[in-house]
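Protein chains: 2
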Amino acid sequence: MSAARDEHEEAAADIAAVEQANTDFYEAMERGDLAALSGLWLPGEDLTVSSVHPGWPVLRGRGEVLRSYALIMANTEYIQFFLTDVGVSMTGDTALVTCTENILSGGPAEDGNALGPLVGQLVVATNVFRRTPEGWKLWSHHGSPVLAETGEEEDEEPSP
Amino acid sequence: MSAARDEHEEAAADIAAVEQANTDFYEAMERGDLAALSGLWLPGEDLTVSSVHPGWPVLRGRGEVLRSYALIMANTEYIQFFLTDVGVSMTGDTALVTCTENILSGGPAEDGNALGPLVGQLVVATNVFRRTPEGWKLWSHHGSPVLAETGEEEDEEPSP
């Protein structure tokens, strides 16, 4: 019983650590902190990281992936992520997080305004993390726009 | 040297097996073979599977995921996937496949035609597989529409 309890406690701690790494990822984006963001992705080139931004093609490798975030940060004056429906599925040293990103963002100012127009966006993400000696690191991010607003129902039938 | 060679051969065989599982997934979709498709997803409920179809919210669990494929198959008269730019990144018992799905599909017939109008679609996917005693099985599929056609160039700057 005690071993089973230990195992449960360990699993709960792992899930909490993965959720924290997932939150850290979005907070680094909000702060426009490219250094922090770089540190959250798997280091080295042993495992090829990949990222898909909503509507973008696949980007592969730390260089290409991190350049894309630098580009997005340079073109984003303000961005806030409200995460909902966060789910963690994990086994061994890999964790898969799915979540809904409720995004509020603004571009650079126009015509002397302090801030560009704010835009709301609904995106779903699948984020894959690997356990490393330095904590859970991102292996893959895939975000995509939700085109059909379907509400809370589980059995809705959005068109494919 | 022999051990290193064995390791390389093993890795090459693993990558080939993962690519085959990825191909099998799309071929089952093309044939509208729900039984084959079901067998390609992780069995049981130990690990929660998830799927995001282009423009859809996240679906979780075998029941919800497989129902969505049944629904798509019921509404698809014809579908063909031309996979390009397939990349495999793997470690231990997890493999991550990224690829471009060049899709040609047709809905049910209208007005006495044999086939509905054919539609081309460009989708990118991140597919996560786990090694099991019965081969590599899908843990997660995330497909999303490529909204900006960017061609072959690596340094293009699509808007976020």
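Chains as they are written, first to last, in the working numbering: chain A, 1 to 160; chain B, 1 to 160.
Each residue gets a CB set at the ideal place from its N, CA and C atoms; glycine is no exception.
For clarity, every value in this text was computed on a predicted model and none was experimentally measured.
Using only the alpha-carbon positions, how far apart do B/R62 and A/S68 sit? For the purposes of this step, residue 62 of chain B is taken as residue 62 along the second sequence, with counting starting at 1. For the purposes of this step, residue 68 of chain A is taken as residue 68 along the first sequence, with counting starting at 1. Those two C-alpha atoms are separated by around 34 Å.
Within 9 Å of any Cβ in chain B, is that where the Cβ of A/W139 sits? Looking up residue 139 of chain A in the first sequence gives position 139. Interface residue, yes.
Can you grab the Cα-Cα spacing for the pair B/Y26 / A/V88, in whole Å? Position 26 of the second sequence, counted from the first residue, corresponds to residue 26 of chain B. Position 88 of the first sequence, counted from the first residue, corresponds to residue 88 of chain A. If I take the Cα positions, the gap works out to 26 Å.
State the Cα-Cα distance for the pair A/E30 and A/A36, rounded to the nearest angstrom. What you label residue 30 of chain A is simply residue 30 of the first sequence in a count that begins at 1. What you label residue 36 of chain A is simply residue 36 of the first sequence in a count that begins at 1. Taking the Cα positions, A/E30 is about 11 Å away from A/A36.
Within 8 Å of chain A by C-beta, residues of the region 93-110 of chain B in sequence order: Listed in sequence order: D93, T94, L96, T98, C99 and T100.
Rounded C-alpha distance that separates A/P108 from A/A70: Position 108 of the first sequence, counted from the first residue, corresponds to residue 108 of chain A. Position 70 of the first sequence, counted from the first residue, corresponds to residue 70 of chain A. Distance between the alpha carbons of A/P108 and A/A70 is about 15 Å.
Could you have a look at B/L122 and say whether DSSP puts it in helix, strand or coil? Looking up residue 122 of chain B in the second sequence gives position 122. Secondary structure at B/L122: strand, using DSSP grouped into helix, strand and coil.
Assigned secondary structure, B/A35 (DSSP; H/G/I helix, E/B strand, else coil): As a position in the second sequence, residue 35 of chain B is number 35, starting the count at 1. In this structure, DSSP gives B/A35 a helical state, which the three-state scheme calls helix.
Quick check on DSSP: helix, strand or coil for A/G116? If you number the first sequence from 1, residue 116 of chain A lands on position 116. Reduced to three states, the DSSP call for A/G116 is coil.
Kindly indicate which three-state DSSP category B/A12 falls into: helix, strand or coil? Position 12 of the second sequence, counted from the first residue, corresponds to residue 12 of chain B. B/A12: helix per DSSP, three-state reduction.
Give me the Cα-Cα distance between B/D6 and A/L59, rounded to the nearest whole angstrom. For this step, residue 6 of chain B is matched to residue 6 along the second sequence. For this step, residue 59 of chain A is matched to residue 59 along the first sequence. Cα-Cα distance, rounded: 31 Å.
Under the rule that 16 or more other beta-carbon atoms within 10 Å means buried, what is B/T132, buried or exposed? By 1-based counting over the second sequence, the position of residue 132 of chain B is 132. Exposed: under 16 other Cβ atoms inside 10 Å.
Where the beta strand (DSSP E) through B/E64 begins and ends: Here residue 64 of chain B refers to the residue found at position 64 of the second sequence. From DSSP, B/E64 is part of no beta strand (DSSP E) but of the alpha helix (DSSP H) over R62 to A74.
Whole-angstrom Cβ separation of B/P43 and A/S144, contact assumed at under 8 Å? As a first step, residue 43 of chain B is located in the second sequence; it is residue number 43 there, counting from the start. As a first step, residue 144 of chain A is located in the first sequence; it is residue number 144 there, counting from the start. 27 Å between Cβ atoms; not a contact.
Contacts of B/L37 in chain A (Cβ-Cβ under 8 Å): As a first step, residue 37 of chain B is located in the second sequence; it is residue number 37 there, counting from the start. When 8 Å is used as the limit between beta carbons, B/L37 is near no residue of chain A, the shortest such separation being about 14 Å.
Taking the straight line between their C-alpha atoms, what separation do you get for B/I79 and B/G39? By one-based count along the second sequence, residue 79 of chain B stands at place 79. By one-based count along the second sequence, residue 39 of chain B stands at place 39. For B/I79 and B/G39, the distance between alpha carbons rounds to 20 Å.
Are A/T94 and A/W41 close, meaning C-beta to C-beta below 9 Å? Reading the first sequence from its first residue, position 94 is the one you call residue 94 of chain A. Reading the first sequence from its first residue, position 41 is the one you call residue 41 of chain A. The criterion of a C-beta distance shorter than 9 Å is not satisfied by A/T94 and A/W41.
Would you say A/R130 faces chain B, with C-beta separation under 9 Å as the test? By 1-based counting over the first sequence, the position of residue 130 of chain A is 130. So yes, A/R130 belongs to the interface.
Simplified DSSP state of A/L40, which is helix, strand or coil: Here residue 40 of chain A is taken as the residue at index 40 of the first sequence, counted from 1. Helix, per DSSP.
Quick check on the DSSP output: the beta strand (DSSP E) that includes A/H53 runs from which residue to which? Residue mapping note: residue 53 of chain A aligns to position 53 of the first sequence, counting from 1. Counting along the chain, A/H53 falls outside any beta strand (DSSP E), and DSSP gives it neither H nor E.
B/D14 versus chain A: which residues are under 8 Å apart at the beta carbon? The residue given as residue 14 of chain B occupies position 14 in the second sequence. Near B/D14 there are no residues of chain A at all, since even the closest Cβ is about 14 Å away, more than 8 Å.
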